[in-house]
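Residue numbers (this note's numbering): 1466 to 2015.
Working notes, beginning with the structure itself.
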Ligand code: FBP
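The structure is reproduced here in structure tokens:
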């Protein structure tokens, strides 16, 4: 396969490992742990994997490990660095015993259930070191949650002589990994299950997991292009750019991109929800920023919008929920309504409060809210063009303000959505090292015979040599949440903490960024060059760990 010059040069990059795990290791155990909430319920649901201690690897004597066959699965959305998790796992297993073997299940958890797999040999692994994407074995969103699936998985694991499985995924996939670990332990299957924290969304993090992998690279890619747009915007001085960035529910990506690029406006869904903001309130906020800049002769600007915003606006959430229920019950009747009467039909059939909001939406968005439903009958929020919704509503508001003499500028818009552009980028040095260390740590957890653990690498704002590698029991991160009408044990999702340092820093500067043109242009990720250019962590992580230098 033909390769780019960067791919060729990058293939020889040797990811850094924490010093503590470079040679022989010993595993130290902390005190027994508790789940973050609902301790009694979670202890009852996980009698075999609850309460285990946090583990830490320290330098120790080299020792012999038996050869072992291990399986690996990539689960959910792509995130830069997945290939390095697999290469770290592979190298770690081979370092423990060169006769160990690694099998990859294809296209996500479905590969395990449907017995589709391939052996990952050193030739294959070498092709994928330090590359982006999940294409080495593919990924998928099949949920691993029923006994039948677990049993079907067990059949192929037994056939291949696999006694440990590594699941690389987000909060839901790692929750399911823990349920699987518990089940295999309960039935005495002799299969260990270890998780690795993946998602560009950055919402799988807590005291023991400082960041999920991929967040660093994806945010740097989006910030590069947002910076380029800001520079274009400041050069031509004629457009307002409305930029939506991925992040299904949490706004970590939007916040990090704002910290890196200092746009005129960035919305944070968690704040919108806490302040119970209305769509109108958000539109007024943006329109006022536009008007204030216009008064200074600046008819241009940038607005960052988190993908999940719409579901955090309380009134929109209620509207979407009523539309979900209504369309589930009246799908056929609605389908028979002629297209030009569909909006009117909805307005006449839903509650007056929701009908008023629905009627106020631009036609395109109103249609998206009723047409695009997922297999569970829910609207697919990520397909709603929130950036256009806000741009069009701000334009309407400004026209109204103009009539009242409160605005006298020009408002022309450009729209962007950045998501898939960043999920498979070649991992930054941070992600390349972090992912490799996570995979290597997973191999050590396997070597220790552990199950129900997630690989954890901490102290990540320090040089990689000082990183702390270990394992955290998945049950420690769990609480009970309502899912599809039932209370379920799940890993607690980390939304943006409005009392946390990253948000506080943003909130302290946003008025200035709104008024002035304070753009920062981060430029592309650098893989070779001075450490202060190539090895920076995200600003979120630096602010959280108290190492940010403004
Ligand atoms: P994961 O949580 O599975 O890592 O995926 C995150 C994400 O990239 C979201 O940011 C986005 O909303 C979603 O996946 C898109 O999903 P899909 O890849 O199925 O289009």
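Glycine is no exception: its CB is placed at the ideal position from the N, C-alpha and C atoms.
The structure presented is a predicted model; accordingly, all values stated were derived computationally and were not measured.
Assuming residue 1707 and residue 1878 form a contact by the criterion Cβ under 8 angstroms, report the distance between their Cβ atoms to the nearest whole angstrom.
Stepping through the chain shown from its first residue, residue 1707 is reached at position 242. Stepping through the chain shown from its first residue, residue 1878 is reached at position 413. With a Cβ gap of about 6 angstroms, residue 1707 and residue 1878 count as contacting.
Tell me where the alpha helix (DSSP H) around residue 1617 begins and ends.
As a position in the chain shown, residue 1617 is number 152, starting the count at 1. It spans 1612–1624 - the alpha helix (DSSP H) in which residue 1617 sits, taken as one unbroken run.
Quick check: the region 1891–1900 against the region 1542–1551, are at least 3 beta-carbon pairs closer than 8 angstroms?
They touch, by the three-pair rule.
Can you list, in chain order, the residues of its chain whose CB lies under 6 angstroms from that of residue 1607, leaving out five sequence neighbours each side?
Taking the chain shown and counting its residues from 1, one reaches residue 1607 at position 142. Within the same chain, residue 1607 has close Cβ partners 1573, 1574 and 1575.
Report the option in 1818, 1518 and 1847 whose CA atom is closest to the CA atom of residue 1770.
Counted from its first residue, the chain shown places residue 1770 at position 305. Comparing Cα-Cα distances from residue 1770 to each of 1818, 1518 and 1847, the minimum goes to 1847.
Roughly how many angstroms separate the alpha carbons of residue 2019 and residue 1506, rounded to a whole number?
This structure gives no information on residue 2019, because the portion of the chain shown stretches from 1466 to 2015.
Using the Cα positions of residue 1681 and residue 1665, report the straight-line distance between them to the nearest angstrom.
In the chain shown, counting from the first residue as 1, residue 1681 sits at position 216. In the chain shown, counting from the first residue as 1, residue 1665 sits at position 200. Distance between the alpha carbons of residue 1681 and residue 1665 is about 8 angstroms.
Near residue 1654, which residues of its chain fall below 6 angstroms by C-beta distance, leaving aside the five closest residues on each side in sequence?
Locating residue 1654 in the chain shown gives position 189, where the first residue counts as 1. Closer than 6 angstroms at the Cβ level, and outside the excluded window around residue 1654, lie 1619.
How big is the Cα-Cα spacing for residue 1669 and residue 1634?
For the purposes of this step, residue 1669 is identified with residue 204 of the chain shown, where counting begins at 1. For the purposes of this step, residue 1634 is identified with residue 169 of the chain shown, where counting begins at 1. One C-alpha to the other measures close to 10 angstroms.
Taking only heavy atoms of the ligand FBP into account, decide whether any of them is closer than 7 angstroms to the Cβ of residue 1713.
To locate residue 1713, count along the chain shown from 1; it is residue 248. Yes; taking the cut-off as 7 angstroms, the Cβ of residue 1713 has a heavy atom of the ligand FBP nearer than that.
Within the same chain, show all residues whose beta-carbon is closer than 8 angstroms to that of residue 1568, passing over the 5 residues directly before and after it, in chain order.
Along the chain shown, read from residue 1 onward, the residue named residue 1568 stands at position 103. Hits under 8 angstroms: 1534, 1535, 1536, 1537, 1582, 1583, 1584, 1585, 1625 and 1627.
Hey, could you find the ends of the alpha helix (DSSP H) residue 1822 is sitting in?
Residue 1822 sits at position 357 when you count from the first residue of the chain shown. Unbroken alpha helix (DSSP H) run through residue 1822: 1817–1825.
Output needed for residue 1884: all residues of its chain with C-beta closer than 6 angstroms, excluding positions within five of it in sequence on either side, in chain order.
In the chain shown, counting from the first residue as 1, residue 1884 sits at position 419. For residue 1884, where only same-chain residues beyond five positions count, the Cβ hits under 6 angstroms are 1711.
Consult DSSP for residue 1882 and reduce its assignment to one of helix, strand or coil.
Residue numbering aside, residue 1882 sits at position 417 when the chain shown is read from its first letter. In this structure, residue 1882 counts as strand in the three-state DSSP scheme.
Measuring alpha carbon to alpha carbon, tell me which of 1521, 1805, 1609 and 1990 ends up nearest residue 1673.
Position 208 of the chain shown holds residue 1673. Considering only alpha carbons, the answer is 1521.
Let me confirm a value: residue 1923 is counted as buried when at least 16 other C-beta atoms fall within 10 Å, else exposed. Which label applies?
What you label residue 1923 is simply residue 458 of the chain shown in a count that begins at 1. With 16 or more Cβ atoms within 10 Å of its Cβ, residue 1923 is classed as buried.
Extract the residue ranges of the alpha helix (DSSP H) inside the region 1535–1595, only unbroken runs of 4 or more that lie entirely within it.
1547–1561, 1574–1578 and 1587–1593, all fully within the region 1535–1595.
Would you call residue 1599 buried or exposed, if buried means 16 or more other Cβ atoms sit within 10 Å of its Cβ?
Along the chain shown, one-based indexing puts residue 1599 at 134. The residue is buried, with at least 16 neighbouring Cβ atoms inside 10 Å.
Pull up the distance between the alpha-carbon of residue 1876 and that of residue 1705, whole angstroms please.
Within the chain shown, residue 1876 is the residue found at index 411, counting from 1. Within the chain shown, residue 1705 is the residue found at index 240, counting from 1. When rounded, the distance between both Cα atoms is 7 angstroms.
Could you check which residue in 1543, 1593 and 1570 has the C-alpha nearest to that of residue 1466?
Numbered from its first residue, the chain shown carries residue 1466 at position 1. Among 1543, 1593 and 1570, the Cα nearest to that of residue 1466 belongs to 1593.
Give me the Cβ distance between residue 1688 and residue 1987, rounded to the nearest whole Å; I'm assuming they're in contact under 8 angstroms.
What you label residue 1688 is simply residue 223 of the chain shown in a count that begins at 1. What you label residue 1987 is simply residue 522 of the chain shown in a count that begins at 1. Yes, residue 1688 and residue 1987 are in contact; Cβ-Cβ is about 5 angstroms, under 8 angstroms.
What are the boundary residues of the alpha helix (DSSP H) that residue 1977 is part of?
Along the chain shown, one-based indexing puts residue 1977 at 512. Unbroken alpha helix (DSSP H) run through residue 1977: 1966–1980.
Measuring CB to CB, does residue 1701 end up less than 8 angstroms from residue 1980?
Here residue 1701 corresponds to residue number 236 of the chain shown, with the count starting at 1. Here residue 1980 corresponds to residue number 515 of the chain shown, with the count starting at 1. No, these two residues do not count as a Cβ contact at 8 angstroms.
Note down, in chain order, each residue of its chain lying with its Cβ closer than 7 angstroms to the Cβ of residue 1713, except the 5 sequence neighbours on either side.
Locating residue 1713 in the chain shown gives position 248, counting from the first residue. Result list for residue 1713: 1666, 1772, 1773 and 1847, in chain order.
Based on Cα-Cα distance, which residue from 1686, 1699 and 1637 lies nearest to residue 1940?
Within the chain shown, the letter at position 475 stands for residue 1940. Nearest of 1686, 1699 and 1637 to residue 1940, Cα basis: 1637.
Let me check you understand the geometry: is the CB of residue 1948 closer than 7 angstroms to at least one non-hydrogen atom of the ligand FBP?
Within the chain shown, residue 1948 is the residue found at index 483, counting from 1. No, the Cβ of residue 1948 stays beyond 7 angstroms of every heavy atom of the ligand FBP.
Mind checking which residues open and close the beta strand (DSSP E) that includes residue 1761?
Counted from its first residue, the chain shown places residue 1761 at position 296. Looking at the DSSP string, residue 1761 is not in any beta strand (DSSP E), and its letter there is neither H nor E.
Quick check for students: name the residue ranges of the alpha helix (DSSP H) that lie wholly in the region 1728–1805, counting only runs of 4 or more.
You should have 1734–1739, 1744–1760, 1779–1794 and 1796–1800.
Does the beta-carbon of residue 1681, which I'm using as the reference point, lie nearer than 7 angstroms to any heavy atom of the ligand MN?
Ligands displayed in this structure: the ligand FBP; the ligand MN is not among them.
With distances taken between CB atoms, is the gap from residue 1675 to residue 1644 smaller than 8 angstroms?
Residue numbering aside, residue 1675 sits at position 210 when the chain shown is read from its first letter. Residue numbering aside, residue 1644 sits at position 179 when the chain shown is read from its first letter. No, they are not a contact pair.
Distance, Cα to Cα, residue 1651 vs residue 1555?
What you label residue 1651 is simply residue 186 of the chain shown in a count that begins at 1. What you label residue 1555 is simply residue 90 of the chain shown in a count that begins at 1. Computed Cα separation, rounded: 28 angstroms.
Buried or exposed: which applies to residue 1685, given that a residue is buried once 16 or more other Cβ atoms fall within 10 Å of its Cβ?
Taking the chain shown and counting its residues from 1, one reaches residue 1685 at position 220. Buried: at least 16 other Cβ atoms inside 10 Å.
In chain order, what residues of the same chain lie with their CB nearer than 8 angstroms to the CB of residue 1514, ignoring the 5 residues before and after it?
The sequence position of residue 1514 within the chain shown is 49, counting from 1. Excluding residues within five positions, the ones whose Cβ falls inside 8 angstroms are 1643, 1646, 1647, 1650, 1916, 1917, 1938, 1939 and 1940.
Report the start-end ranges of each alpha helix (DSSP H) in the region 1496–1533 that is 4 residues or longer and not cut off at the edges.
Entirely contained in the region 1496–1533, the alpha helix (DSSP H) runs reaching 4 residues are, in chain order, 1504–1510.
According to DSSP, is residue 1956 part of a helix, a strand, or is it coil?
Sequence index remark: in the chain shown, residue 1956 carries index 491 (1-based). DSSP places residue 1956 in strand when its eight states are reduced to three.
With DSSP run on the structure shown, which of helix, strand or coil describes residue 1836?
Here residue 1836 is taken as the residue at index 371 of the chain shown, counted from 1. Residue state, collapsed to three classes: helix.
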